[in-house]
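Scroll down for the structure; my scribbles are underneath it.
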Amino acid sequence: MKQVHVAVGVIFQNDAFYLTKRADNVHQGGKWEFPGGKVETGETVAQALQRELQEEVAIDVLACQPLLIIEHDYGDKQVKLEVFIVDQFQGEPTAQEGQQEQWFSLEELSEIDLPAANTAIVEKLNQHFAS
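Residue 78 in the working numbering is what sits at position 76 of the sequence shown, and the numbering runs on without skipping anything.
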């Protein structure tokens, strides 16, 4: 089974994280997720992150820092997520594909329905932002 390589942006501003909700008819449908998408052939992860966040939520990434890499097997699909904190960007994140969008506090991230691969992101964020 081929592994899907994905760049993920944890968009962070004013102590909140921006997530969008997956359409009901797709893999892991109806769950909240950090925006991002597949790394295309010949593209770096940073380029993919920039392109995907521009396409999906209309922001330009000015700076990002690596948070973690996750490899997860859903049974029907294997993913490798390269996750970055995006805390410097231009524009206001706005869902471009008609999906629901919302800003969540760190505490709220533990209470919403996320794809299994995303739980490690929330755990890492809890460590990263622990005061």
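The beta carbon of each residue, even a glycine, is placed where N, CA and C say it ideally should be.
Once the 5 residues before and after residue i are set aside, which same chain residues still bring their CB inside 6 angstroms of it?
| i | result |
| --- | --- |
| I123 | V85 |
| V88 | G11, I13, V63 and C66 |
| P68 | F86 |
| Q102 | K23 |
| Q15 | none |
| E73 | K82 |
Of all the options the options, which has the alpha carbon lying nearest to the alpha carbon of residue i?
| i | options | result |
| --- | --- | --- |
| S112 | L21, Q15 and H7 | L21 |
| P117 | E35, A25, N16 and A9 | E35 |
| A119 | D26, E109, K79 and S107 | K79 |
| V8 | Q129, H74, Q90 and V41 | V41 |
| Q129 | G77, Q104, D115 and L70 | L70 |
What separation, rounded to the nearest whole angstrom, lies between the Cα atoms of residue i and residue j?
| i | j | result |
| --- | --- | --- |
| T121 | K23 | 15 angstroms |
| K4 | V81 | 9 angstroms |
| T43 | K126 | 28 angstroms |
| G38 | Q30 | 14 angstroms |
| Q90 | Q52 | 12 angstroms |
| L33 | L55 | As written in the sequence, residue 33 is Lys, which differs from the Leu given in the question. Cα-Cα distance, rounded: 18 angstroms. |
In chain order, what residues of the same chain have a beta carbon less than 7 angstroms from the beta carbon of residue i, not counting five sequence neighbours either side?
| i | result |
| --- | --- |
| E99 | E58 |
| F131 | L108 |
| A25 | G31 and Q101 |
- For the region 52–61 and the region 90–103, state whether three or more C-beta atom pairs, one from each stretch, are separated by less than 8 angstroms. yes
- Could I get the ranges of all uninterrupted beta strand (DSSP E) runs contained in the region 7–95, with 3 residues as the minimum, in chain order? 18–23, 38–40, 62–75 and 80–92
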